[in-house]
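Residue numbers (the working numbering): 6 to 384.
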Amino acid sequence: MSNDKHPAAGGSQSRSKVIVRTSIIGIITNILLSGFKATVGLISNSIAILLDAVNNLSDALSSLITIIGAKIATRTPDKKHPLGHGRVEYLSALIVSAIVLYAGITAAIESVKKIITPEKADYSIITLVIMGVAIIAKIAIGLYFKAQGKKVNSTALVASGTDATFDAIITTSVLVTAIIYMITGVSLEAYMGVIISVFILKSGFGLMTETLDDILGHRADAELTKEIKRLIVEEPEVRGAYDLILNNYGPDKNYASVHIELPDTMNVEEVDRLTRRIESKVYQQTGVILTGVGVYSHNTKNDEAAEIRNRVQELVLSHEWALQLHGFYVDIEQKRMRFDVVMSFNVDSHDCVKLLCEEVKTIYPGYSVFIAPDVDISD
């Protein structure tokens, strides 16, 4: 496949600039907020405010790692990494999640210590005002990060925006705790510290799980796979599109392979023109690069083949674990048939293939039957 099918480098550079610019704003904001909160926390002897300050500092560090990841991810492909460096963003997100988890564990330990050996806090009106400003700042930065993240399809920025929103909720809780203490003299800040640590840990686990899914590979987006198949079957020669596999090499870097079912009357030249047209159309409308288009041959020369297909399909799909039959072809003269069966994950494909072969041979004795088991990879 020629290089002109790859996304333009300018688009990647523009995306990187947005991520870096947004992250720098986040770093500056979080460092300022962390400084203010740490000062207030030390003056008022409030563990909840100090932990909130630490949380802001971890957010600043997370933004710094996001910048480093984005910079490395935009490096052009080389001989060692021919598909680029986009997956580095997932590794940077994994480091960020580890930092968040560490901050959550530290917060929990310090809060429990304060519950066991409580110390009185000393809040003031200035303390409340600073916390109120911090809440407004966090809400604003959260909305900004989410908007920019959705704009450039950056899960790291969207996650940072969500985290900032949680921070605003946490700071609001600390503010409420301070007001309660000033009015009633009842100190709840150590317990609030435990609650804050739970929020931080939950955020860290969520981010780590999502990132590990990206690294391990997860089920492709249903809307995207359906759109790709729709574009393919729009071609009049294509009877169906199957076995679509998407491989992700970083945000907006998707490569795919697919099988299409074509009439057995088409020659190689016609198939070549068709597959090139499909590859171009799919890339132009979805940004997905089709690296391979396999072909199934479909019987068109006699009605008996169609009758056999219908009967075999009815037999196969009578099993609830058989989700789809495709790629069916039968050579009546040679008494050979072949087809693929998509099976659910909760069965042993080897045993199922053996069972189906026996059942098909029962109704079509003398036929050699080849069945390829497929996995339910995409919708």
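Ideal placement from N, C-alpha and C gives every residue a C-beta, glycine not left out.
Fair warning: this is a prediction, and the values are worked out from it, not measured in the lab.
Using 7 Å as the cut-off, classify the Cβ of residue i as near or not near the heavy atoms of the ligand ZN, replying yes or no.
i: Leu96; result: This structure simply doesn't include the ligand ZN, nor any ligand for that matter.
Starting from the Cα of residue i, find the closest Cα among the options and give me that residue.
i: Gly74; options: Leu193, Ala58 and Val101; result: Val101
i: Val59; options: Gly91, Leu106 and Lys84; result: Leu106
i: Ile188; options: Arg235, Phe204 and Ser129; result: Ser129
i: Ser208; options: Gly109, Lys143, Cys357 and Arg244; result: Gly109
i: Val199; options: Asp381, Pro268, Ala113 and Glu364; result: Ala113
i: Lys125; options: Asn158, Ile313, Leu193 and Leu37; result: Leu193
i: Ser116; options: Leu133, Ile144 and Tyr196; result: Tyr196
i: Lys143; options: Leu69, Ile33, Ile52 and Phe333; result: Ile33
i: Ser68; options: Leu133, Val134, Glu338 and Ala161; result: Ala161
i: Gly292; options: Thr230, Phe350 and Ile184; result: Thr230
i: Val374; options: Tyr334, Ser383 and Val352; result: Tyr334
Cutting at 8 Å between CB atoms, please list the residues of its own chain near residue i, excluding the five before and the five after it.
i: Ala13; result: Its pLDDT being 42, under 50, Ala13 is placed unreliably by the model, and the measurement read from it follows with that caveat. Counting only Cβ-Cβ distances below 8 Å, and skipping sequence neighbours, we find nothing.
i: Val25; result: Ile72, Ala75 and Lys76
i: Tyr149; result: Thr27, Ile30 and Gly166
i: Gln290; result: Glu232 and Leu236
i: Glu275; result: Glu242
i: Thr270; result: Thr305 and Lys306
Output the boundary residues of the beta strand (DSSP E) element that contains residue i.
i: Val346; result: Arg341 to Met348
i: Leu328; result: Ala327 to Asp336
i: Asp381; result: It is not in any beta strand (DSSP E) - Asp381 carries neither H nor E in the DSSP assignment.
To the nearest angstrom, how far is it from the Cα of residue i to the Cα of residue j?
i: Lys156; j: Val23; result: 9 Å
i: His11; j: Ile294; result: At His11, the pLDDT of 43 sits below 50, so the modelled position is not reliable and the matter cannot be decided from this model.
i: Val179; j: Ser323; result: 60 Å
i: Thr182; j: Ala225; result: 44 Å
i: Pro256; j: Val93; result: 10 Å
i: Ser49; j: Lys119; result: 14 Å
i: Ile140; j: Gly147; result: 10 Å
i: Asp83; j: His303; result: 41 Å
i: Phe210; j: Ser39; result: 23 Å
i: Ser7; j: Tyr288; result: Any answer about Ser7 is weak, because its pLDDT of 41 lies below 50 and its placement is not dependable; what the coordinates show is given next. Cα to Cα, the separation comes out at about 13 Å.
i: Ile376; j: Pro87; result: 35 Å
i: Thr79; j: Glu309; result: 56 Å
i: Asn315; j: Asp64; result: 59 Å
i: Asn386; j: Ile250; result: Beyond the ends of the chain as shown, which are 6 and 384, falls residue 386; an answer cannot be given.
i: Ser354; j: Trp326; result: 10 Å
i: Val138; j: Asp127; result: 19 Å
i: Lys286; j: Val45; result: 59 Å
i: Asp345; j: Gly245; result: 13 Å
i: Ser159; j: Ile201; result: 26 Å
i: Ile131; j: Ala152; result: 32 Å
i: Asp248; j: Asp277; result: 19 Å
Identify, in the order they occur along the chain, each residue of the same chain with its Cβ nearer than 7 Å to the Cβ of residue i, setting aside the five sequence neighbours on each side.
i: Thr280; result: Val298
i: Ala43; result: Leu55 and Ala58
i: Thr216; result: Tyr95, Ala98, Leu99 and Ser102
i: Phe204; result: Phe171 and Ile175
i: Leu212; result: Ala98, Val101, Ser102, Val105 and Ala164
Looking only at its own chain, which residues have a Cβ that is under 6 Å from the Cβ of residue i, when we skip the five neighbours before and after it?
i: Asn253; result: Asn259
i: Gly15; result: For Gly15, the predicted structure reports a pLDDT of 47, less than 50, and the residue's modelled location is therefore unreliable. A value from the coordinates is still provided. Closer than 6 Å at Cβ, skipping near neighbours: no residue.
i: Gly91; result: Ala78, Tyr254, Gly255 and Lys258
i: Val347; result: Leu328, Gln329, Asp379 and Asp381
i: Glu266; result: Arg244, Gly245, Tyr301 and His303
Who are residue i's beta bridge partners in DSSP?
i: Tyr260; result: Asn252 and Ile294
i: Glu266; result: Gly245 and Tyr301
i: Ser129; result: For Ser129, which the question treats as bridged, DSSP gives no partner whatsoever.
i: Phe375; result: Arg343
Starting from residue i, follow the alpha helix (DSSP H) in both directions and report where the run begins and ends.
i: Ala113; result: Val93 to Ile121
i: Thr230; result: Ala227 to Val238
i: Met197; result: Glu194 to Leu221
i: Ser392; result: Since the first residue of the chain shown is 6 and the last is 384, residue 392 is not available in this structure.
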